[in-house]
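**Student:**
Numbering (mature numbering (1 follows the signal peptide of the UniProt record, and there is no 0)), first residue to last: -29 to -1, 1 to 304.
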């Protein structure tokens, strides 16, 4: 009987080990659905990010999974793209054309959500500036943050007057520094970005020299491609929280302005002016955004901002991915 008992005991042990391995695999699979940490940027030009951070909605969403949320401030699309490319953030807020520029130059991102359709940039001059048209900018200094929507807006605006960037001096300054340079008279014009642009108007009396809402590309929430491939469920849950914020903003404009003012340290009138220049009605990236970006994308090749041989139209198609936002947007309608 002893040999039989011994064999039975060994089989029982092996069975337990096998069951433990299977259970462990299931635990690992469940854990893999959510990373230990999710890194998200917040930006003064993305009201949703400020509302979500203010209320702690991402922390609330992922608390049951034990996932930590790390917030990283982006001062412009160029910074958000740098952070995405380096892995410092998993989700980054940028202008649409800036995202195309980033992807065209090897930044592996997907645009998965539209946080707004803004008019967040224009060419700005001082209150008493003698400049009254884009043509008047010939030979002048313009502050602009390279790699951002205001920078690309500037190049497109110059073309409307038959000018190129060789006809002006573009001074590469981050958005708040550009505003300061304009106020001090160190530059003749500035490619503004809200809320700094709204603050320049309200607080400094600055004038909007050239506006063109069609040259303002959409506000995209982008995700690192590697993160989307590894954690698709987490991407959907992040977008669910963004959608919660978008709907809340539409219903609570005054409260949103207060949050924006507090976070970006601007006055309430400045925050309210910024919000009037945002359309939060459609969060789903798709054909509308593709068409707008394909119309804008030639400037990237014309100005030699992308590598030779790159087809910006194909980059647009690879960038825009509505699959994650589609169910989220449908659920909120």
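We treat Cβ as the ideally placed atom computed from N, Cα and C, and that holds for glycine.
1) Would you list the residues sitting across from residue 65 in a DSSP beta bridge?
2) Determine the direct distance from the alpha carbon of residue 122 to that of residue -4, and round the result to whole angstroms.
3) Within this structure, are the beta carbons of residue 241 and residue 173 separated by less than 7 Å?
4) Reducing DSSP to helix, strand and coil, say where residue 112 ends up.
5) What ranges does the alpha helix (DSSP H) occupy inside the segment 2 to 38, keeping only unbroken runs of at least 4 residues that lie completely in it?
6) By DSSP, does residue 141 sit in helix, in strand, or in coil?
7) Using the three-state DSSP reduction, which class does residue 200 fall into: helix, strand or coil?
8) Which residues does DSSP list as the beta-bridge partners of residue 250?
9) Spell out the partners DSSP gives residue 96 in its beta bridges.
10) Using DSSP with H/G/I as helix, E/B as strand and the rest coil, what is residue 44?
11) Would you decide whether residue 80 is buried or exposed? Buried here means 16 or more other CB atoms lie within 10 Å of its CB.
12) Would you call residue 90 buried or exposed, if buried means 16 or more other Cβ atoms sit within 10 Å of its Cβ?
13) Are the CB atoms of residue 161 and residue 114 within a distance shorter than 7 Å?
14) Quick check on residue 301: does DSSP put it in helix, strand or coil?
15) To which residues of the same chain is residue 73 closer than 6 Å at the C-beta, ignoring the five residues directly before and after it?
16) Does the segment 186 to 200 come into contact with the segment 220 to 232, if we say contact requires no fewer than three beta-carbon pairs (one atom in each stretch) closer than 8 Å?
17) Helix, strand or coil for residue 81 per DSSP?
18) As a quick exercise: from 112, 164, 119, pick the residue whose alpha carbon is nearest that of residue 244.
19) If you draw a straight line from the C-alpha of residue 230 to the C-alpha of residue 25, how long is it?
20) What is the C-beta distance between residue 23 and residue 213, in whole angstroms, given that I count them as a contact (C-beta under 8 Å)?
21) Let me confirm a value: residue 146 is counted as buried when at least 16 other C-beta atoms fall within 10 Å, else exposed. Which label applies?
**Tutor:** So, from the listed chains and residues:
1) Partner(s): 191.
2) Summary for residue -4: the model assigns pLDDT 37, below 50, so the residue's position carries little reliability; its value from the coordinates is reported in the next sentence. Approximately 49 Å, taken between the alpha carbons.
3) Judged by beta-carbon spacing, residue 173 lies within the 7 Å limit of residue 241, meaning their Cβ atoms are closer than that value.
4) In this structure, residue 112 counts as strand in the three-state DSSP scheme.
5) Qualifying alpha helix (DSSP H) stretches, in chain order: 18 to 26, 28 to 33.
6) Here DSSP, grouped into helix, strand and coil, assigns residue 141 to strand.
7) Three-state result, residue 200: helix.
8) Beta-bridge pairing links residue 250 to 88.
9) In the DSSP output, where bridge partners are listed per residue, residue 96 has 178.
10) When DSSP states are grouped into helix, strand and coil, residue 44 belongs to the strand group.
11) Only buried fits residue 80, as 16 or more other CB atoms lie within 10 angstroms of its CB.
12) Classification for residue 90: buried.
13) Yes. Within cutoff.
14) Annotated three-state conformation of residue 301 is helix, per DSSP.
15) 52.
16) Note that the segment 186 to 200 does not touch the segment 220 to 232; fewer than 3 beta-carbon pairs, one per stretch, sit closer than 8 Å.
17) Residue 81 falls in the strand class under three-state DSSP.
18) Among 112, 164, 119, the Cα nearest to that of residue 244 belongs to 164.
19) Approximately 7 Å between the Cα atoms of the pair.
20) With 8 Å as the limit, residue 23 and residue 213 qualify as a contact, their Cβ atoms being about 7 Å apart.
21) Counting C-beta atoms within 10 angstroms of its own C-beta, residue 146 has 16 or more neighbours from the protein chains shown and is therefore classed as buried.
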